[in-house]
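Under the numbering used here, the residues of the sequence shown are numbered 1315 to 1389, in order.
What follows is one structure encoded as structure tokens, with my remarks underneath.
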Amino acid sequence: MVVTHLAQVAAVAQTQINVTKTVRAKQTFATATMLSGEDRVAEIARMLSGGVAQESAFEHARELLAASGSKKRRT
1315 MVVTHLAQVA
1325 AVAQTQINVT
1335 KTVRAKQTFA
1345 TATMLSGEDR
1355 VAEIARMLSG
1365 GVAQESAFEH
1375 ARELLAASGS
1385 KKRRT
């Protein structure tokens, strides 16, 4: 298991989980969500852009995921 804020590291993971923290009524909650498909692309794009992702970040995220998939098949 690896915890990362680097999109390049997240893209090569077999499984990606997004953890968010919220505070409601002075209580803190953490939520873990398994990401796949376009949700995973969107999160990697957000990580690449540092906030709201532009279309270029989505394209780069898809390229990272595709490249990591081809590397996994070769090993």
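Cβ coordinates follow ideal geometry from the N, Cα and C atoms, glycine included.
Element boundaries [alpha helix (DSSP H), containing Met-1361]: Translated into positions along the sequence shown, residue 1361 becomes position 47. From DSSP, the alpha helix (DSSP H) with Met-1361 extends over 1351-1363.
Span of the alpha helix (DSSP H) around Gln-1322: Looking up residue 1322 in the sequence shown gives position 8. In the DSSP assignment, Gln-1322 falls within the unbroken alpha helix (DSSP H) covering 1321-1325.
Reduced DSSP secondary structure (H/G/I, E/B, other) of Ala-1375: Sequence index remark: in the sequence shown, residue 1375 carries index 61 (1-based). In the structure shown, Ala-1375 adopts helical secondary structure according to DSSP, grouped into three states.
Buried versus exposed, by CB contacts within 10 Å (16 or more), Leu-1320: The residue you call residue 1320 lines up with position 6 of the sequence shown. Exposed is the label assigned to Leu-1320, since fewer than 16 other Cβ atoms lie within 10 Å of its Cβ.
Status (buried if at least 16 other CB within 10 Å, exposed otherwise) for Val-1355: Mapped onto the sequence shown, residue 1355 falls at position 41. It counts as buried.
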